[in-house]
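In the numbering used here, the protein residues as written are 17 to 270.
Each residue gets a CB set at the ideal place from its N, CA and C atoms; glycine is no exception.
Right, one structure below, let's go through it.
Below you can see the structure in the form of structure tokens.
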């Protein structure tokens, strides 16, 4: 039976805590419940403080998962929640695996990344899980005319899962603006996941990720990210202020 996830406030933004995100999404999928999944981390949280449109989209999303280590530590240390990190890339992978195991024909669309990247990522998944019917891909680089064709294609195909890898906040705002085209679909912002699946880039080693240091690997591989990484200490400071002021300590059903 469909059950709304429990929501906790992290610096004023909702984060949904549950034991099995993929199964909950499968239930939404089978029941045709349109769902927008936001993968929240410290950087997005700080962006939302300055971008009211992004904050509004996050509040309206049906599922906000704890993607980043900072969000997880906030939930664990400040709110006392027994929660594990759920990166968006792993959520999508588990969802695809569950679909394969259940032998369910599910139509998927990949949108985002550099030219050819989404297509390579799709081909890799199609080989792993034939039941996953990837009905289309589209680069994140295109003209307004090409985007209009993309939107018309989505409206025509009506895929059940739409992965959008445009980066934050573009992917969240794009989903919110266009999800009416496929109202029964599960829409997930997946950032740079297509790069990983296509082999263009690699994820941090497990020992770094398990110790909340995946950000350090990203900085090593992409040093231009250093300005974006300043969101991490800013998030930590904000968390301390919120805790001392007594805010963000109550849970609520969404």
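Per DSSP, what are the beta-bridge partners of residue i in this structure?
i: residue 82; result: 56
i: residue 178; result: 125 and 203
i: residue 148; result: 122
i: residue 154; result: 127
i: residue 51; result: 202
For the candidate residues the options, whose alpha-carbon lies nearest to that of residue i?
i: residue 119; options: 96, 105, 144 and 107; result: 144
i: residue 150; options: 172, 161 and 123; result: 123
i: residue 75; options: 125, 97 and 32; result: 32
i: residue 256; options: 30, 95 and 35; result: 95
i: residue 200; options: 19, 47, 172 and 40; result: 47
i: residue 193; options: 40, 35 and 69; result: 69
i: residue 22; options: 45, 97 and 43; result: 97
i: residue 146; options: 121, 44 and 161; result: 121
Is residue j closer than 9 angstroms to residue i when the C-beta atoms are compared?
i: residue 202; j: residue 176; result: yes
i: residue 87; j: residue 185; result: no
i: residue 53; j: residue 84; result: no
i: residue 65; j: residue 217; result: no
i: residue 81; j: residue 102; result: yes
i: residue 148; j: residue 37; result: no
i: residue 198; j: residue 171; result: yes
i: residue 208; j: residue 183; result: yes
For residue i, collect the residues of the same chain with a Cβ closer than 8 angstroms to its Cβ; drop the 5 residues on either side in sequence, then sort them by chain order.
i: residue 180; result: 127, 128, 187, 190, 191, 203, 204, 205 and 206
i: residue 29; result: 56, 61, 64, 71, 74, 75 and 80
Who are the Cβ neighbours of residue i in its own chain at under 7 angstroms, not counting the five residues just before and after it?
i: residue 78; result: 51 and 52
i: residue 135; result: 153
i: residue 210; result: 126, 128, 129, 133, 134, 137 and 181
i: residue 247; result: 58, 59 and 62
i: residue 40; result: 21 and 34
Cutting at 6 angstroms between CB atoms, please list the residues of its own chain near residue i, excluding the five before and the five after it.
i: residue 154; result: 127 and 166
i: residue 140; result: 213
i: residue 110; result: 38
i: residue 178; result: 125, 201 and 203
i: residue 261; result: none
How big is the Cα-Cα spacing for residue i and residue j?
i: residue 196; j: residue 49; result: 12 angstroms
i: residue 71; j: residue 58; result: 13 angstroms
i: residue 130; j: residue 164; result: 18 angstroms
i: residue 113; j: residue 24; result: 28 angstroms
i: residue 251; j: residue 89; result: 11 angstroms
i: residue 117; j: residue 34; result: 22 angstroms
i: residue 67; j: residue 142; result: 37 angstroms
i: residue 92; j: residue 99; result: 7 angstroms
i: residue 158; j: residue 45; result: 29 angstroms
i: residue 162; j: residue 156; result: 10 angstroms
i: residue 160; j: residue 249; result: 38 angstroms
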